[in-house]
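There are 2 protein chains.
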Amino acid sequence: MRMAELSSRTGVPVPTIKYYLREGLLPPGERTSPNQALYDESHVRRLKMVRALVEVGKLSIAAVRDVLDAVDAPEKIPFNVLGEMQDRLGPIHPEGSGELWEQADTQVRELLRRRGWLADPDCPPARSLVAALATLAELGRTDLIDLVEVYADAAELVAKVDVTKVVRDQGMDDVVEGAVIGTVLGETMIIALRRLAHQDATARLYGVDRSGGDDE
Amino acid sequence: MRMAELSSRTGVPVPTIKYYLREGLLPPGERTSPNQALYDESHVRRLKMVRALVEVGKLSIAAVRDVLDAVDAPEKIPFNVLGEMQDRLGPIHPEGSGELWEQADTQVRELLRRRGWLADPDCPPARSLVAALATLAELGRTDLIDLVEVYADAAELVAKVDVTKVVRDQGMDDVVEGAVIGTVLGETMIIALRRLAHQDATARLYGVDRSGGDDE
DNA sequence: CAACGTGGATAGTGGAGCTATCTGCTATCG
DNA sequence: CGATAGCAGATAGCTCCACTATCCACGTTG
């Protein structure tokens, strides 16, 4: 198919597809002459993937490129791709400094040690956690810090199922792709569900029913 | 204190503070003359809060303003503030269309009904969930859809603890503020922990140890 | 063979989040 | 009292991002 069809099949405007091609998010089509090219199903799929990461996952274009490069890399082991991905999926939280940050850093290392998690205490996710804990302390809400244990329980539960689900009877390609999709869309779903569950928990506590009620 | 001290106490540059004042993220200082103003501890606190939401929570300036307006509103009930907040905390996922979206929409309503959650099936979080599910279907990864049940279990667990923790022996002001902080920073922590747990689960599966090892 | 469509290159757009400059005014120190 | 340094506020500018619009020469198609 040509670009116009690629566009209509995915709902992405032609100029945007050109932009993605320039940015290396989409591999070039098969050229039939110096200024004509054909695209196939793999392009459709890739383009949907890009849109999913950009629209639902709110990734930057640069992050999408990096992630997809990792997906395409030969010799890919899910474990490595996972690391690459996490390094790129950002957001990167700026390093803070001060006693509060050091305490938070210690808390995180301690948490990983205590739970026996085989995880890098210097990777971006760990830094995010440190930043969040330090910020809690800075805001004087140390009372909220022990929530992290509950979150860790939940994360452990979820991650186990995630991994077994993504790995089950699939070729390597599907596993890697599933890891990307699962990580990004999974986060969206988890956050959304937590907020919905907050509505429920708060509604029960205060005796209000927002479900099905009129909007406002 | 004057603006320079407010700046040094929080690490936020003076021009940025001025910008936040213009944008209404920070209430104006108490004026002592047409071109002099004093700021107090409440400004320090507010500024830290703004930075927490912007840097750690990755909220837009507009979202921060909206959230803080809701926090400041009189007659605030945590339940209402929670709703306001969720409407503002975005990201808003664009409405999709087509059969896939309708199926996803049904799935979400079904999920809420089945679990008996008192939550609005048309609120932004529910829309996010629909978008994620529809996108999964669009990408042909319907195998990942039943993960949502596990996520819902985890969300239920987490939300219950969140709410009881935030509400425990606090004045209304602290509850509302805690809800904001807890929602935003909690999300950061949960995502970070899930990624760390993924590292662990993948490392165990493939027999690799990334913890404490050399970087790369 | 003529008109519309195409791929590629280049430049422009609009929004977000600051940042720099300018202009009076003011606190303060000698 | 007066020089000087700092202050608040207004305005304009900057950089980055994600597109979007315009050109152009060539190609496909009726």
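So the protein lines, in turn, are chains A and B. Under our numbering, the first residue of the first sequence is numbered 1378, with each subsequent residue one higher. Under our numbering, the first residue of the second sequence is numbered 1378, with each subsequent residue one higher. Each residue gets a CB set at the ideal place from its N, CA and C atoms; glycine is no exception.
- The beta-bridge partner set that DSSP reports for L1415 (chain B) consists of B:E1407.
- The continuous stretches of alpha helix (DSSP H) do not include Q1547 (chain B), and DSSP gives it neither H nor E.
- Between K1395 (chain A) and chain B, the shortest Cβ-Cβ separation is not below 8 Å.
- One Cα belongs to I1394 (chain A), the other to S1384 (chain A), and the distance between them is close to 7 Å.
- The distance from the Cβ of T1387 (chain B) to that of L1424 (chain B) is about 5 Å, consistent with a contact at the 8 Å cut-off.
- Flagged as an interface residue toward chain A: G1559 (chain B), by a C-beta distance shorter than 8 Å.
- Looking at the backbone, the Cα of D1417 (chain B) and that of E1407 (chain B) are separated by about 9 Å.
- Between the stretch 1537 to 1552 of chain A and the stretch 1499 to 1519 of chain A, the count of C-beta pairs closer than 8 Å stays below three; the two stretches do not touch.
- Taking 8 Å as the CB threshold, Q1576 (chain B) lines the interface with chain A.
- In the three-state reduction of the DSSP assignment, H1470 (chain A) falls in the coil class.
- The beta carbon of V1433 (chain A) sits closer than 8 Å to the beta carbons of V1561, L1562 and T1565 from its chain, once the five residues preceding and following it are set aside; these are given in chain order.
- As the crow flies, the alpha-carbon of M1380 (chain A) is around 7 Å from that of L1415 (chain A).
- If you ignore the 5 residues before and after I1522 (chain B), its C-beta comes within less than 8 Å of the C-beta of Q1484, L1510, L1513 and A1514, all in its own chain and listed in chain order.
- A direct Cα-Cα distance of roughly 29 Å separates D1497 (chain A) from P1468 (chain B).
- In terms of Cα proximity to M1462 (chain A), the closest of B:H1575, B:A1429 and B:E1533 is B:H1575.
- At a cut-off of 8 Å, the C-beta of Q1480 (chain B) has no neighbouring C-beta in chain A.
- With contacts defined as CB atoms closer than 8 Å, L1466 (chain B) and L1436 (chain B) qualify as a contacting pair.
- In chain order, P1405 place their CB closer than 7 Å to the CB of L1398 (chain B), counting only its own chain and leaving out the 5 sequence neighbours on each side.
- With contacts defined by Cβ atoms closer than 8 Å, A1531 (chain A) and I1567 (chain B) form a contacting pair.
- A Cβ-Cβ distance of about 7 Å is found for the pair R1581 (chain A) and L1495 (chain B), placing them in contact under the 8 Å criterion.
- In the same chain as G1555 (chain B), and ignoring 5 residues on each side of it, the C-beta atoms closer than 7 Å to its own belong to V1543 and Q1547, in chain order.
- In its chain, beyond the 5 residues on either side, H1470 have a beta carbon closer than 7 Å to the beta carbon of S1505 (chain A).
- Here DSSP, grouped into helix, strand and coil, assigns S1385 (chain B) to helix.
- Contacts between G1548 (chain A) and chain B, judged by CB atoms closer than 7 Å, are missing: the closest CB pair is about 13 Å apart.
- Contact between V1431 (chain A) and L1403 (chain A) does not hold, since their C-beta atoms are separated by about 12 Å, which reaches or exceeds 8 Å.
- At least one CB atom of chain B sits nearer than 8 Å to the CB of A1429 (chain A).
- Leaving aside the five residues that flank R1486 (chain B) on each side, the residues in its chain whose CB is nearer than 7 Å to its CB run, in chain order, P1498.
- If you look at W1478 (chain A), you'll find it in the alpha helix (DSSP H) that goes E1476 to R1492.
- Chain order gives the chain B residues near M1426 (chain A) as L1516, where near means a beta carbon separation below 9 Å.
- Scanning its chain for C-beta atoms nearer than 6 Å, with the 5 sequence neighbours on each side dropped, one finds no residue around A1578 (chain A).
- Interface criterion not met: the Cβ of P1404 (chain B) is under 8 Å from no Cβ in chain A.
- The shortest C-alpha to C-alpha distance from D1464 (chain A) to any of A:A1447, A:G1475 and A:G1473 is the one to A:A1447.
- It is roughly 57 Å from the alpha-carbon of L1534 (chain A) to the alpha-carbon of T1409 (chain B).
- Between the alpha carbons of R1518 (chain B) and E1476 (chain A) lies a distance of about 45 Å.
- Near chain B, meaning a CB-to-CB distance below 7 Å, the residues of the stretch 1562 to 1573 of chain A are L1562, G1563, E1564, T1565, M1566, I1567, I1568, A1569, L1570, R1571, R1572 and L1573.
- By the beta-carbon neighbour count (other beta carbons within 10 angstroms, threshold 16), V1553 (chain A) is buried.
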